[in-house]
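K.L.:
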Amino acid sequence: MNKKTLVLGASENPSRYSNMAIKRLRAHGHEVVAIGRRKGKVTDVEILEKKADIQNVDTVTIYMNEQNQKEFEDYIISLKPKRIIFNPGAENYNLLLKAKRTGIQPVEACTLVMLNTSQY
969 MNKKTLVLGA
979 SENPSRYSNM
989 AIKRLRAHGH
999 EVVAIGRRKG
1009 KVTDVEILEK
1019 KADIQNVDTV
1029 TIYMNEQNQK
1039 EFEDYIISLK
1049 PKRIIFNPGA
1059 ENYNLLLKAK
1069 RTGIQPVEAC
1079 TLVMLNTSQY
């Protein structure tokens, strides 16, 4: 099943986990939208520098620390995803509570592990 995914904290750097996640998500057939600090491209996915109007987001997977997430918290909630994945280093208790209050499932896990173990 294709799960439209927003990768927040995307990077063109192949050693970054966000980059690996984009590649793996695409390899599994998922539609990916990516937002990062700089424009760029990973496989066929353009990295945007700004918040975009995205519809029908199933999952937001976060690759930025809590401090860098602050400007995106309301944006993430406004997308009304089914779940938010807090990858290691992206834990954010405040956003986790906001997600729960609005009916969004918070998941503290690694997107790459979830994909490798068919839990995505």
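If you count by our numbering, then the sequence shown holds residues 969 to 1088, one letter each, in order. Every residue, glycine too, gets a C-beta built ideally from N, C-alpha and C.
Tell me the DSSP secondary structure of Gln1087 in three-state form.
P.N.:
In the structure shown, Gln1087 sits in coil (DSSP, three-state: anything other than H, G, I, E or B).
K.L.:
Identify the continuous alpha helix (DSSP H) that holds Lys1068 and give its terminal residues.
P.N.:
Where Lys1068 is concerned, the enclosing alpha helix (DSSP H) stretches over Tyr1061 to Arg1069.
K.L.:
Taking all protein chains shown into account, decide if Thr1070 is buried (16 or more other Cβ within 10 angstroms of its Cβ) or exposed.
P.N.:
Label assigned to Thr1070: exposed.
K.L.:
I need the DSSP call for Thr1011, collapsed to helix, strand or coil.
P.N.:
DSSP places Thr1011 in coil when its eight states are reduced to three.
K.L.:
Taking only the alpha-carbon atoms, compute the straight-line gap between Gln1007 and Ile1015 and give it to the nearest angstrom.
P.N.:
The question names Gln, yet the displayed sequence has Lys at residue 1007. Cα to Cα, the separation comes out at about 5 angstroms.
K.L.:
Put Val1081 into one of helix, strand or coil per three-state DSSP.
P.N.:
Helix at Val1081.
K.L.:
First and last residue of the beta strand (DSSP E) that includes Ala978?
P.N.:
Segment Thr973 to Ala978, the beta strand (DSSP E) holding Ala978.
K.L.:
Between which two residues does the alpha helix (DSSP H) containing Gln1035 stretch?
P.N.:
Gln1035 -> alpha helix (DSSP H) spans Glu1034 to Gln1037.
K.L.:
Within the same chain, show all residues whose beta-carbon is closer than 7 angstroms to that of Val1013, passing over the 5 residues directly before and after it, in chain order.
P.N.:
Contacts found: Ile990, Arg994, Val1000 and Ala1002.
K.L.:
Short of 7 angstroms in beta carbon distance, which residues of its chain neighbour Asn1033, apart from the five on each side in sequence? Order them along the chain.
P.N.:
Correct list, in chain order: Gly1057 and Ala1058.
K.L.:
To which residues does DSSP link Arg1051 through a beta bridge?
P.N.:
In the DSSP output, where bridge partners are listed per residue, Arg1051 has Thr1027 and Gln1073.
K.L.:
Quick one: what does DSSP say Ala1020 is sitting in, helix, strand or coil?
P.N.:
Ala1020: coil per DSSP, three-state reduction.
K.L.:
Which of helix, strand or coil does DSSP assign to Ala1058?
P.N.:
Correct three-state label for Ala1058: coil.
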